[in-house]
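Note sheet for the following structure.
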Amino acid sequence: GEDVEQSLFLSVREGDSSVINCTYTDSSSTYLYWYKQEPGAGLQLLTYIFSNMDMKQDQRLTVLLNKKDKHLSLRIADTQTGDSAIYFCAESPSGYALNFGKGTSLLVTP
Amino acid sequence: AAGVIQSPRHLIKEKRETATLKCYPIPRHDTVYWYQQGPGQDPQFLISFYEKMQSDKGSIPDRFSAQQFSDYHSELNMSSLELGDSALYFCASSRTATGANVLTFGAGSRLTVL
């Protein structure tokens, strides 16, 4: 979506941490989301964060939200080759349909 | 657990032909969404239905139409197909509730227009 920006590519080594960044523009989004898409597959919800929170941790995933700067990040600890995929952040300006960023392609090398 | 079912998974059409995609949402989900994802692009929202009524409209071309039926399945009809309509079409469903609106996506229907 034109209002949600992400860096296009990220390459990390297996075992390192990955940090994927996202900037959104709609401050009315109550929730912000991270989806994962593997080649030729659908979008899989990874996690989401309520806009009044600044951090959410879920196993290897940590989401940080800076509402003032409208900046969202997804940290994947101990990145594995199976984490290689495209990661989309999404806002929900109308509260229903999601508006996606262009996606960050994560490549994990052995 | 039941997921969102889309059919067909792959479809090849000629320019100016018509195509119909079907979506079966998760049982008891009340909202269905259609998204279009071009090669290397992000998913673009087309249209959504809440309880069988159109609830929101995105960048859906006039050549496309959609509806949701009494059994909650939805169909996306695309007419006068153009080469640029070649894309992955995703259907998603959600259940309205307080809290996050979690969309569950189907595996997609890949349309190729020749």
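In order, the protein sequence lines correspond to chains A and B. Per the working numbering, the first sequence starts with residue 39, numbered consecutively. Per the working numbering, the second sequence starts with residue 118, numbered consecutively. Cβ atoms here follow ideal geometry from the backbone N, Cα and C, with glycine treated the same way.
Cβ-Cβ distance between residue i and residue j below 9 Å
i        : j        : result
B:Leu228 : B:Lys130 : yes
A:Ala94  : A:Thr100 : For clarity, residue 94 of chain A is Lys in the given sequence; the question names Ala instead. Yes, Cβ-Cβ distance for A:Lys94 and A:Thr100 is below 9 Å.
B:His190 : B:Tyr152 : no
A:Leu144 : A:Tyr71  : no
A:Phe138 : B:Pro160 : yes
A:Tyr86  : B:Ala217 : yes
Contact set between residue i and chain B, taken where Cβ atoms lie within less than 8 Å
i        : result
A:Asn137 : Phe162
A:Tyr86  : Ala217, Val219
A:Lys140 : Gln158, Asp159
A:Ser130 : Asn218
C-beta neighbour in chain B for residue i, strict 9 Å
i        : result
A:Gly80  : yes
A:Lys94  : no
A:Phe193 : The requested residue 193 of chain A is not part of the displayed model; chain A covers only 39 to 148.
A:Thr68  : yes
A:Lys105 : no
A:Ser49  : no
A:Ala65  : Residue 65 of chain A is actually Ser in this sequence, not Ala. Chain B, which has no Cβ nearer than 9 Å to the Cβ of A:Ser65, makes this no.
A:Leu83  : yes
A:Ser111 : no
A:Ser45  : no
A:Tyr62  : no
Test: residue i CB closer than 9 Å to a CB of chain A
i        : result
B:Phe207 : yes
B:Tyr189 : no
B:Ser211 : yes
B:Val230 : no
B:Ser203 : no
B:Gly155 : no
B:Ser124 : no
B:Phe222 : yes
B:Tyr141 : no
B:Ser165 : yes
Residues bridged to residue i [DSSP beta-bridge criterion]
i        : result
B:Arg133 : None, per the DSSP bridge assignment.
A:Leu70  : A:Ile87, A:Glu129
B:Lys174 : B:Ile164
A:Asp96  : A:Leu99
B:Ala183 : B:Leu193
Residues that residue i contacts on chain B, provided the C-beta gap is smaller than 9 Å
i        : result
A:Ser122 : Going along chain B, no residue has its Cβ under 9 Å from A:Ser122, so there is no contact; the nearest lies around 16 Å.
A:Lys74  : Correct list: empty, because the minimum Cβ distance to chain B is about 11 Å.
A:Gly53  : By Cβ distance, chain B contributes nothing, its closest Cβ being about 29 Å from A:Gly53, past 9 Å.
Chain-ordered chain A contacts of residue i [CB-CB under 9 Å]
i        : result
B:Ser265 : Lying outside 118 to 231, the shown extent of chain B, residue 265 of chain B is not represented and no answer is given.
Under 8 Å by beta carbon: chain A residues contacting residue i
i        : result
B:Ser172 : Tyr134
B:Thr148 : Tyr134
Is it the case that the region 52-61 of chain A contacts the region 112-121 of chain A, given that we only count it when at least three CB pairs across the two stretches are under 8 Å? yes
How do the region 202-222 of chain B and the region 120-127 of chain B stand: do at least 3 beta-carbon pairs fall below 8 Å, yes or no? yes
Would you be able to state if there are at least three C-beta pairs under 8 Å between the region 182-202 of chain B and the region 213-223 of chain B? no
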